[in-house]
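Peer 1:
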Amino acid sequence: MSTYTNEQVAHLVEGSLDWETTFRMLSMPKDNSRFEQYLKALQAKVSFKDKIVLPLGPHLYIVQSAKTKRWVTQCDCGHVFGDYRENWKLHAAIYVRDTEEAMTEVYPKLMAPDTQWQVYREYYCPSCGTMHDVEAPTPWYPVIHDFEPDIEAFYKDWVGLPVPERAD
Amino acid sequence: MNMMTNKELGFADLLKNGQTLKQFRDGIIERTKATGYYNGQEKLEFRDSDPIGYEKLFSKLRGGLVHARETAKKIAASPIVEQEGELCFTLYNAVGDCVLTSTGIIIHVGTMGAAIKYMIENNWEANPGINPGDMFTNNDCSIGNVHPCDIATIVPIFWEGRLIGWVGGVTHVIDTGAVTPGSMSTGQVQRFGDGYMITCRKTGVNDTPLRDWLHESQRSVRTPKYWILDEKTRIAGCHMIRELVEEVIRADGIEAYEKFAYEVIEEGRRGLMNRIKAMTLPGKYRKVSFVDVPYKHEDVQVSSAFAKLDSIMHSPCEMTIKPDGKWRLDFEGASRWGWHTFNAHQVAFTSGIWVMMCQTLVPTQRINDGAYYATEFRLPKGTWCNPDDRRTGHAYAWHFLVSGWAALWRGLSQSYFSRGYLEEVNAGNANTSNWLQGGGINQDGEIHAVNSFEASSCGTGACAVKDGLNHAAAIWNPEGDMGDIEIWEMAEPLLYLGRNVKANSGGYGKYRGGCGFETLRMVWNAQDWTMFFMGNGFMNSDWGMMGGYPSATGYRFEAHKTGLEQRIAIGDSLPLGGDLDPTRPDYERHIDATAVVKRDKQCMTTEDCYDNHDLYLNYLRGGPGFGDPIDREPKAIENDLNQKFLLPEYAQKVYGAVFTQDAKGVFAVDVAKTAARRAEMRKERLARALPTREWMKEERERIINKHAAVQVQHMFATSFALSEKFTKEFKAFWSLPADWQLLETELNVPTYGSKHRMDLSLLPDVTTVVQVEE
Chain E
7 MSTYTNEQVA HLVEGSLDWE TTFRMLSMPK DNSRFEQYLK ALQAKVSFKD
57 KIVLPLGPHL YIVQSAKTKR WVTQCDCGHV FGDYRENWKL HAAIYVRDTE
107 EAMTEVYPKL MAPDTQWQVY REYYCPSCGT MHDVEAPTPW YPVIHDFEPD
157 IEAFYKDWVG LPVPERAD
Chain D
26 MNMMTNKELG FADLLKNGQT LKQFRDGIIE RTKATGYYNG QEKLEFRDSD
76 PIGYEKLFSK LRGGLVHARE TAKKIAASPI VEQEGELCFT LYNAVGDCVL
126 TSTGIIIHVG TMGAAIKYMI ENNWEANPGI NPGDMFTNND CSIGNVHPCD
176 IATIVPIFWE GRLIGWVGGV THVIDTGAVT PGSMSTGQVQ RFGDGYMITC
226 RKTGVNDTPL RDWLHESQRS VRTPKYWILD EKTRIAGCHM IRELVEEVIR
276 ADGIEAYEKF AYEVIEEGRR GLMNRIKAMT LPGKYRKVSF VDVPYKHEDV
326 QVSSAFAKLD SIMHSPCEMT IKPDGKWRLD FEGASRWGWH TFNAHQVAFT
376 SGIWVMMCQT LVPTQRINDG AYYATEFRLP KGTWCNPDDR RTGHAYAWHF
426 LVSGWAALWR GLSQSYFSRG YLEEVNAGNA NTSNWLQGGG INQDGEIHAV
476 NSFEASSCGT GACAVKDGLN HAAAIWNPEG DMGDIEIWEM AEPLLYLGRN
526 VKANSGGYGK YRGGCGFETL RMVWNAQDWT MFFMGNGFMN SDWGMMGGYP
576 SATGYRFEAH KTGLEQRIAI GDSLPLGGDL DPTRPDYERH IDATAVVKRD
626 KQCMTTEDCY DNHDLYLNYL RGGPGFGDPI DREPKAIEND LNQKFLLPEY
676 AQKVYGAVFT QDAKGVFAVD VAKTAARRAE MRKERLARAL PTREWMKEER
726 ERIINKHAAV QVQHMFATSF ALSEKFTKEF KAFWSLPADW QLLETELNVP
776 TYGSKHRMDL SLLPDVTTVV QVEE
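For the record, the sequence lines run as chains E and D. If you use the numbering used here, the first sequence corresponds to residues 7 to 174, in order. If you use the numbering used here, the second sequence corresponds to residues 26 to 799, in order.
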């Protein structure tokens, strides 16, 4: 099994890792310590003090609130979307591209969906305007709660780390 | 002398153990179920006692399979096989479970296994009999094949008079004699018209194809030359592998070989679970994908009025990764099968998934049926991925398999991202289309059919650390290759007027999806020539990830009465290269003003006539993007602009890039001004947005009032009719009144097949093989 330095993992997170190492990461068996190093690299990047429990996206995390010890979904600007078990998108700001005009803002004519068939739902952080997700469903489709991680099993049984304290 | 033999009694004792093949297979299933280990093998005796010997056996067999594929494919003349590598050889144990497979279209790990299991369950050993030197041919989509153009040759392997396994070879043929030409045609809406269909038929004895088979099969398709060379390809590969097995047994002994043939499957099962634990994260992942079926349009001409409607295929997937490393894929809520050729048998799904997984979760040589045994599949009966009617068409099952798997990429990629394996993240896959198909009399004066496999090189999805690859791959073939222009021009009476990267086709993002490409083809030296389009146009089947956009959708361009013959003669300007910006079309400036041009989103058509000098744009799609586009490095945008991967208008609107262009046309992005513009864009986003729950109130009203296009309502109505759970969850999410319902009958569209259906299992003397939870 390959291992990597904290610096290499930090470069991976930044998208600045050299190709040779990236290729080794792709082709060799996975390094089980990656998760810990990844958390460390991310924690060093964010401006908030809350402990990252699980990264969800480039700017979105489940964190342990430093004040309350509750686990919440949080933007890296510090905006809290609510309890980690809830669908964070329900607490986001949404813009729906459901007209031809709105679609042709982002794609040339004929290269975007027909909005009678499919719409684009853009979910932004209400504080900083980061676009965390773009859904592409039909009209009427429920907002998808797309990930419910089993964090306890992952920490305890898969990577052998203590589960961060959680206040409910 | 006058006693009945085993043959008449219907018991061939092929295994020389007193058991029928079915009894033997039942035993394996029971032991697997009872213990959780394949064939009850808690201990892998051979592997553990002689690991070197085990690995040597593995390498010999795997190497031989790959070698047989590489050698046999040179026999074929069809560019689909010879250029694109659309073939695969697989070794099975006696019960049809896959031991090892070659490279290539390894979706067939399970499809040929399903055919072997069908023969076992339906007592083929008694009638027509299974003997050394036999050959069986199958392409029947109702027992597990993906689509009729994948023709499988299956050869039993005997050792000292005892059946010890099977070898299967499959090629994707260029034409199947369907209603319209091309291997995956659209004109038919049922099995009856989907092409020549062969159900595990004995087509050879003593290693020789039967004469009736040779005569019948060649006249049943439009391209007999390609057909017969494909047949020879499959037979040669199968016989090479059979000889390899004999050689291995002579060297290592039958006991070692047979132990290996069962242990390696259990090893494959454990291997997948280990990979899941090593790379993913336990939990529930919910993803969904869609694809358009626009059949109402006048350019879709089918024989049955009940197929003339617009509809949407719906594939919701709940992927559960369990703490023990097993996983469950549940498609509850999927829409019903339809009167088109995009339906899929359950095995096309359960087997096909490994062609994708070998590109991500299990990128190893050890692909076999073990992975199937580590996976729980739930494909509800009656859905597009498990039809409950024996009339369904399957010619282009990939139209939606490709789309359905885009959702799986996203689920797995979420787990890779959360765990820190960013290098493994893939935002999804392109909708691998357009499929340029058609036929007529070709440049050699022969009846011909074409299916351009340029779709084998679409854009790939973006990664979390890099862009997707441009025009590089297709999910269904791990060895993506667009083929050489010169070869395609020999195979098709269509000259190339351009082959270019398709600008803006990759989904935007911090890392963009790979761009697709486009080729402009001019009909040349053909007679009575037809073509049609097949791909997505009104919808996208991929989504983008974590703030990235989906790729661009497809569109069609075709032109008739172009006047190009005259323009070429007098040296006038010609339409050349790519259709760079469809908002400002340029091809039309280089053909006669009176030309008949179709430029729209109707990417699904049926056979239409093309004269020489008519034009057809074959646009191959891009892949989805990853991450918020305003995080993209200015240098990367600059590079895209200078390579014409991105139109300047969208560099501004989507990426917030501020740039200049010098006298030579070279773009330079201003980093500081771009950062300032992006800060403004964040504010603009919030100014136009609503809190999600506010927007939901508006959307709820639209649902209550049934305000949506018919195709959207039709999709929901068919999903509701099949799934009480999906209906309940939908109504609960939108807080709909208890009596709210949506029925197909209220939509004023044909409902043929919505109530009255008949499954294949209801035919007399047929035992179907069910390998999923239904």
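Glycine included, every Cβ here is placed at the ideal spot set by N, Cα and C.
Going along the chain, which residues of its own chain have a beta-carbon closer than 6 Å to the beta-carbon of D/MET144, five neighbours each way excluded?
Peer 2: On the second sequence, residue 144 of chain D is found 119 positions in, with the first residue counted as 1. Cβ neighbours of D/MET144 beyond the five flanking positions: CYS225.
Peer 1: For the segment 550-567 of chain D against the segment 110-126 of chain E, are there 3 or more C-beta pairs whose distance is under 8 Å?
Peer 2: As far as the Cβ criterion goes, the segment 550-567 of chain D touches the segment 110-126 of chain E, which means the pair count is three or higher.
Peer 1: Apart from the five residues on each side of it in sequence, which residues of its chain come closer than 6 Å, Cβ to Cβ, to D/PRO762?
Peer 2: Your numbering for residue 762 of chain D matches position 737 in the second sequence. Within the same chain, D/PRO762 has no close Cβ partners at all.
Peer 1: Could you compute how far the alpha carbon of E/ILE150 sits from the alpha carbon of E/LEU96?
Peer 2: If you number the first sequence from 1, residue 150 of chain E lands on position 144. If you number the first sequence from 1, residue 96 of chain E lands on position 90. Cα-Cα distance, rounded: 9 Å.
Peer 1: Quick one: what's got a C-beta closer than 7 Å to D/ARG72's C-beta in the same chain, skipping five residues either side?
Peer 2: To locate residue 72 of chain D, count along the second sequence from 1; it is residue 47. For D/ARG72, where only same-chain residues beyond five positions count, the Cβ hits under 7 Å are TYR79, GLU288, GLU292.
Peer 1: Mind pulling the chain D residues with CB within less than 7 Å of E/THR28?
Peer 2: As a first step, residue 28 of chain E is located in the first sequence; it is residue number 22 there, counting from the start. Those are GLU448, VAL490, listed as they occur along chain D.
Peer 1: Would you kindly work out how many angstroms separate the C-alpha atoms of D/ARG707 and D/TYR446, rounded to a whole number?
Peer 2: Within the second sequence, the letter at position 682 stands for residue 707 of chain D. Within the second sequence, the letter at position 421 stands for residue 446 of chain D. One C-alpha to the other measures close to 29 Å.
Peer 1: Is any beta-carbon of chain D found at less than 8 Å from that of E/GLU141?
Peer 2: Taking the first sequence and counting its residues from 1, one reaches residue 141 of chain E at position 135. It does: the Cβ of E/GLU141 has a partner Cβ on chain D nearer than 8 Å.
Peer 1: Relative to the alpha-carbon of D/TRP765, which residue among D/LYS756, D/LEU354, D/GLY89 has its alpha-carbon at the smallest distance?
Peer 2: Walking along the second sequence from the start, residue 765 of chain D turns up at place 740. It is D/LYS756.
Peer 1: Per DSSP, what are the beta-bridge partners of D/THR233 in this structure?
Peer 2: Counting from one through the second sequence, the residue named residue 233 of chain D turns up at place 208. Note: D/THR233 sits in a beta bridge opposite D/VAL230.
Peer 1: For a minimum of 3 consecutive residues, which ranges assigned as the beta strand (DSSP E) are wholly contained in the segment 492-536 of chain D?
Peer 2: Qualifying beta strand (DSSP E) stretches, in chain order: 519-526.
Peer 1: So which residues of chain E does D/ARG718 contact, with C-beta pairs closer than 7 Å?
Peer 2: The residue given as residue 718 of chain D occupies position 693 in the second sequence. The contacting residues are LEU96.
Peer 1: Would D/GLY652 and E/PRO64 be called neighbours here (beta carbons separated by less than 8 Å)?
Peer 2: Locating residue 652 of chain D in the second sequence gives position 627, counting from the first residue. Locating residue 64 of chain E in the first sequence gives position 58, counting from the first residue. Closer than 8 Å, so yes.
Peer 1: Using a Cβ-Cβ cutoff of 8 Å, what residues of the segment 106-136 of chain E are near chain D? List them in chain order.
Peer 2: Under the 8 Å Cβ criterion, the segment 106-136 of chain E contributes THR110, GLU111, VAL112, TYR113, PRO114, LYS115, LEU116, MET117, ALA118, PRO119, ASP120, GLN122, TRP123, GLN124, TYR126, GLU128, TYR129, TYR130, PRO132, CYS134, GLY135, THR136.
Peer 1: Among the residues of its own chain, which have a CB less than 7 Å from the CB of D/ALA474, if the five just before and after it don't count?
Peer 2: Counting from one through the second sequence, the residue named residue 474 of chain D turns up at place 449. Within the same chain, D/ALA474 has close Cβ partners ILE199, ASP200, PRO206, GLY207, ARG247, THR248, GLY464.
Peer 1: Report whether the distance from the Cβ of D/LEU112 to the nearest heavy atom of the ligand MN is below 7 Å.
Peer 2: The ligand MN is absent from the structure shown, which contains no ligand whatsoever.
Peer 1: Buried or exposed: E/TYR130, going by 16 or more other Cβ atoms within 10 Å of its Cβ?
Peer 2: Start at 1 with the first residue of the first sequence, and residue 130 of chain E comes out as number 124. Buried, since its Cβ has 16 or more Cβ neighbours within 10 Å.
Peer 1: DSSP puts D/LYS623 in a beta bridge; with which residues?
Peer 2: Within the second sequence, residue 623 of chain D is the residue found at index 598, counting from 1. Its beta-bridge partners are D/GLU583.
Peer 1: Can you tell me which of D/ASN170, D/LEU254, D/VAL737, D/LYS142 puts its alpha carbon nearest to the alpha carbon of D/ASP317?
Peer 2: Here the question's residue 317 of chain D lines up with position 292 in the second sequence. Nearest of D/ASN170, D/LEU254, D/VAL737, D/LYS142 to D/ASP317, Cα basis: D/VAL737.
Peer 1: Along the alpha helix (DSSP H) that carries D/ASP665, what are the first and last residues, could you check?
Peer 2: Position 640 of the second sequence, counted from the first residue, corresponds to residue 665 of chain D. Run containing D/ASP665: 659-667, per the alpha helix (DSSP H) assignment.
Peer 1: Please name the residue in D/GLN215, D/GLU343, D/MET515, D/ARG403 whose C-alpha comes closest to that of D/LEU437.
Peer 2: Within the second sequence, the letter at position 412 stands for residue 437 of chain D. Ranking D/GLN215, D/GLU343, D/MET515, D/ARG403 by Cα distance to D/LEU437 puts D/GLU343 first.
Peer 1: Just list the residues that DSSP pairs D/ALA749 with in beta bridges.
Peer 2: Reading the second sequence from its first residue, position 724 is the one you call residue 749 of chain D. Per the sequence shown, the amino acid found at residue 749 of chain D is Glu instead of Ala. Answer is none; D/GLU749 lacks a bridge partner.
Peer 1: Listed from N- to C-terminal order along the chain, which residues in the segment 261-273 of chain D have their beta-carbon within a distance smaller than 9 Å of any beta-carbon of chain E?
Peer 2: For the segment 261-273 of chain D, which is checked against every Cβ of chain E, not one residue is closer than 9 Å.
Peer 1: Any chance you could list the beta strand (DSSP E) runs of at least 3 consecutive residues sitting entirely within the segment 379-408 of chain D, in chain order?
Peer 2: If we require 3 residues or more, the beta strand (DSSP E) runs fully inside the segment 379-408 of chain D come out as 400-403.
Peer 1: When the distance is taken between beta carbons, is D/ARG782 closer than 8 Å to D/ASP414?
Peer 2: Residue 414 of chain D sits at position 389 when you count from the first residue of the second sequence. Residue 782 of chain D sits at position 757 when you count from the first residue of the second sequence. Yes, the Cβ-Cβ distance between D/ASP414 and D/ARG782 is below 8 Å.
Peer 1: Counting only C-beta atoms, is D/ALA159 closer than 8 Å to chain E at any point?
Peer 2: Locating residue 159 of chain D in the second sequence gives position 134, where the first residue counts as 1. The question names Ala, but residue 159 of chain D is Asp in the sequence shown. Output row for D/ASP159: interface = no.
Peer 1: Return the residues of the segment 363-392 of chain D that lie within a Cβ-Cβ distance of less than 9 Å from chain E, sorted by chain order.
Peer 2: Within the segment 363-392 of chain D, the residues whose Cβ lies closer than 9 Å to some Cβ of chain E are PRO388, listed in chain order.
Peer 1: Between which two residues does the beta strand (DSSP E) harbouring E/LYS46 extend?
Peer 2: Residue mapping note: residue 46 of chain E aligns to position 40 of the first sequence, counting from 1. Not the beta strand (DSSP E): E/LYS46 falls in the alpha helix (DSSP H), residues 40-51.
Peer 1: With 8 Å set as the bound, which would you pick, yes or no: does the beta-carbon of E/THR186 sit closer than that to a beta-carbon of chain D?
Peer 2: Absent from the model: residue 186 of chain E. The displayed extent of chain E is 7 to 174, so no value can be given.
Peer 1: Could you pull out every residue in the same chain whose Cβ sits closer than 7 Å to the Cβ of D/PHE692, ignoring the five residues on either side in sequence?
Peer 2: Locating residue 692 of chain D in the second sequence gives position 667, counting from the first residue. These residues qualify, in order along the chain: GLU663, LEU666, ASN667, PHE684, GLN686.
Peer 1: Run through chain E and tell me which residues come within less than 7 Å of D/GLY652, C-beta to C-beta.
Peer 2: Counting from one through the second sequence, the residue named residue 652 of chain D turns up at place 627. Simply PRO64.
Peer 1: Which residue or residues does DSSP assign as beta-bridge partners of D/ILE176?
Peer 2: If you number the second sequence from 1, residue 176 of chain D lands on position 151. DSSP lists D/THR196 as partners of D/ILE176.
Peer 1: May I have the straight-line CA-CA distance separating D/ASN118 from E/GLY84, to the nearest angstrom?
Peer 2: What you label residue 118 of chain D is simply residue 93 of the second sequence in a count that begins at 1. What you label residue 84 of chain E is simply residue 78 of the first sequence in a count that begins at 1. The straight-line gap from Cα to Cα measures roughly 57 Å.
Peer 1: Taking Cβ positions only, does E/TYR101 come closer than 8 Å to chain D?
Peer 2: As a first step, residue 101 of chain E must be located in the first sequence, where it is residue number 95. Taking Cβ atoms only, chain D reaches closer than 8 Å to E/TYR101, which makes this a yes.
Peer 1: What residue does the beta strand (DSSP E) around D/GLN462 start on, and which one ends it?
Peer 2: Translated into positions along the second sequence, residue 462 of chain D becomes position 437. Looking at the DSSP string, the run of the beta strand (DSSP E) that includes D/GLN462 is 462-466.
Peer 1: If you draw a straight line from the alpha carbon of D/ARG267 to that of D/GLY193, how long is it in whole angstroms?
Peer 2: Within the second sequence, the letter at position 242 stands for residue 267 of chain D. Within the second sequence, the letter at position 168 stands for residue 193 of chain D. About 10 Å.
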